[in-house]
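Working notes, structure below.
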Amino acid sequence: MTAATDELIEAARAVTIADAAERLGLAFARRGQEHPQPCPACGGRDRFSFNTAKNNWVCRGAGAGGGDAIGMAAHVRGLDTSRRAEFLEACSIAAGLPVPDDAERESEADRAARLARIAARRRANAEEAARRERDASDFREKERARARGIYSHAEPLGTSDLPYGRFYLKNRCGGFPPVPPDERTWLRVAPEVTYWHGKDERGDPVALHCGPAMIAAFIASRRAPAADAACGSGGAAWLADARSGLPPLAEGYDVIGCHITWIDLDNPPKFRPLITDPETGEILPTKKMRGSKKGGLIPIAGDPAARRWLGGEGIENVAALGRAEGWRGDTFYFAAGDLGNLAGPADPASRFAHPTLTRPDKNGVERPVMVAGPVPRADQGPEDAMAVPEHVDELILLADGDSEPVFTAAAMVRAKARHARPGRLIPVVWPVPGTDFAELLAGKGEQAE
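Quick note, the sequence shown lines up with residues 1 to 449 if you use this note's numbering.
If you want it as structure tokens, here you go:
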């Protein structure tokens with residue numbers, strides 16, 4: 001590459017997610033740091049989002065994401081960064097600069113000046129990356145502490161005097177997990193959980209809603225990097241608190257985050273409240289995650305030491321199947337939170353063109369939407385997606401039938417490959433196309449109390 005090309009790359013690496021999002025024409029919420037929206041590449045309602053505080057982006061449909069503007073530009077515009085021309089195009093989009101002409105000849109003086117600028121930019125990029133990582137680490141620690149507080153102050157869903165969680169799961173998926181002999185269940189419920197969105201003119205968080213919610217924990221093995229990272233510099237100072245209130249079956253696991261589902265039993269068919277942005281009228285998601293998720297999972301019922309595991313993206317679908325098969329005592333039921341955490345990142349070389357979906361390129365020409373492929377990325381670590389312990393010899397994965405089928409199918413094949421081990425059975429179970437297991441089985445449970 002020429003010095004001019006190197007300069008473009010370094011300029012693109014210095015671009016923040018916020019600046020790149022503006023250049024890409026992505027939608028910014030009037031308030032807050034999280035900006036969910038339909039994915040420009042694969043659609044959906046809110047599967048794509050970027051966070052200006054964390055300086056990252058994610059597409060739950062494609063299982064893609066990261067903390068660099070180049071990757072976000074490539075995903076949004078359907079570019080393959082493993083190909084030089086498309087990588088440079090992504091850099092050009094992120095930086096707002098043209099791709100230099102490789103045939104352009106430079107004088108020695110110009111070349112020396114450019115190399116000096118590149119070296120200075122690289123140093124500045126390294127310093128800025130270190131600062132962002134420190135800020136992100138502090139932000140994560142605060143979020144994890146809040147998540148542990150929310151979970152530890154909630155009550156066991158199965159035995160609480162608060163009926164909201166039981167009613168919600170009965171209405172959504174036909175039933176809720178059985179109460180074990182010690183009466184301590186994984187899922188919890190709280191009467192009043194505040195929904196924060198955006199900031200006011202003083203910079204203070206704005207409460208848009210406060211009401212009952214189902215609370216679930218994200219847990220990770222204490223031996224996994226996700227759990228180690230969650231401990232932070234405080235380490236053992238919060239381990240006892242993180243485990244307090246968890247069922248005894250949680251030995252060996254720590255809380256790294258929580259999942260919140262707000263409940264409105266008077267608002268079928270989802271039985272979740274309608275929460276809107278007061279300035280834009282945008283309908284906001286009624287599920288949120290606090291703390292960390294990647295590398296962890298949501299326990300729903302059973303013992304993680306079980307040799308048979310059954311799980312999928314969401315709590316409701318897994319609970320529907322769990323109830324349908326009688327909550328088997330030899331099974332651990334779990335949710336991953338989203339498709340990306342279930343399947344992990346894809347090998348860029350395995351991506352392929354969607355057979356029907358297209359989108360216009362910068363010149364207005366319709367191009368096929370690119371799909372994250374079925375092959376797991378080779379260099380991924382334990383934190384890139386949820387982990388399945390070696391002792392598990394049967395892993396049943398539930399697909400979501402009301403998500404885009406091609407993206408979902410590729411992700412499920414990738415999940416099978418990622419979690420494959422010698423002798424391990426990994427069947428993928430699909431519902432009727434266009435629906436999900438919770439919808440199919442909601443009417444087959446007992447009537448709500």
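Ideal Cβ placement from N, Cα and C applies to all residues, glycine included. Small disclaimer: the values here were computed from a predicted structure and weren't measured.
Taking the DSSP output, what are the residues bridged to residue i?
i	result
Y195	H209
W327	According to DSSP, W327 bridges with nothing at all.
G65	V58
W262	A213
R526	With the chain covering only 1 through 449, there is no way to say anything about residue 526.
T276	I283
G188	The sequence shown places Arg at residue 188, rather than the Gly named in the question. Note: R188 sits in a beta bridge opposite P156 and I215.
Q37	F48
S350	Per DSSP, none; premise fails for S350.
L395	W309
R377	According to DSSP, R377 bridges with nothing at all.
K294	In the DSSP output, where bridge partners are listed per residue, K294 has none listed.
R270	Before going on, a small fix: residue 270 reads as Lys here, not Arg. Answer is none; K270 lacks a bridge partner.
D254	A220
Count the other C-beta atoms from every protein chain shown that fall within 10 angstroms of the C-beta of residue i, then say buried if there are 16 or more, exposed otherwise.
i	result
A85	exposed
S82	exposed
E7	buried
P212	buried
F352	exposed
K293	buried
I300	buried
I315	buried
A95	buried
I283	exposed
E383	buried
R272	buried
R414	buried
K170	buried
V76	buried
P278	exposed
G364	exposed
Determine the extent of the beta strand (DSSP E) in which residue i is found, giving its start and end residues.
i	result
E366	E366 to V371
G340	Element bounds for G340: not the beta strand (DSSP E) but the alpha helix (DSSP H), L339 to A343.
A301	I298 to A301
To the nearest angstrom, how far is the alpha carbon of residue i from that of residue j?
i	j	result
A124	R47	33 Å
P178	T286	25 Å
A216	F176	13 Å
W482	R424	Nothing in the structure corresponds to residue 482, since the chain is present only between 1 and 449.
V388	N317	19 Å
P360	R367	6 Å
I298	A336	6 Å
K201	E155	Reading the sequence as shown, one finds Glu at residue 201 and not Lys. Using only the alpha carbons, I get a separation of about 35 Å.
I450	W430	Because the chain in this structure spans residues 1 to 449, residue 450 falls outside the shown range and cannot be described.
N55	A385	19 Å
L187	M214	7 Å
T331	L321	12 Å
A324	F218	24 Å
A116	T2	14 Å
V432	R421	29 Å
W196	T5	43 Å
K416	D379	17 Å
D241	D80	With a pLDDT of 48 at D241, under the threshold of 50, the modelled position of this residue cannot be trusted; read the value that follows with caution. If you take the alpha carbons of D241 and D80, they lie about 45 Å apart.
A334	E394	The identity of residue 334 in the sequence shown is Phe, whereas the question assumes Ala. So the alpha carbons of these two residues sit roughly 14 Å apart.
W327	D303	12 Å
G232	L440	The pLDDT assigned to G232 is 44, lower than 50, so where the model puts this residue is not dependable, and the model offers no usable value.
V189	T356	43 Å
D264	L208	15 Å
A227	K142	Its pLDDT being 49, under 50, A227 is placed unreliably by the model, and the measurement read from it follows with that caveat. For A227 and K142, the distance between alpha carbons rounds to 15 Å.
P269	A126	50 Å
P100	R23	19 Å
Mind checking which residues open and close the alpha helix (DSSP H) that includes residue i?
i	result
M412	P405 to H419
F437	F437 to L441
A20	I17 to L24
G165	Y164 to C173
A85	R84 to A95
T5	A3 to R13
List the whole-angstrom C-beta distance separating residue i from residue j, where the pair is believed to meet the contact cut-off of C-beta under 8 Å.
i	j	result
G78	M289	Not confirmed; about 27 Å, so no contact.
V428	M412	5 Å
V58	G65	3 Å
R144	G257	7 Å
G61	E404	6 Å
K53	A73	One detail in the question is off: residue 53 reads as Ala in this sequence, not Lys. Between A73 and A53 the Cβ distance is about 20 Å, and since that is not below 8 Å, they are no contact.
A69	A20	3 Å
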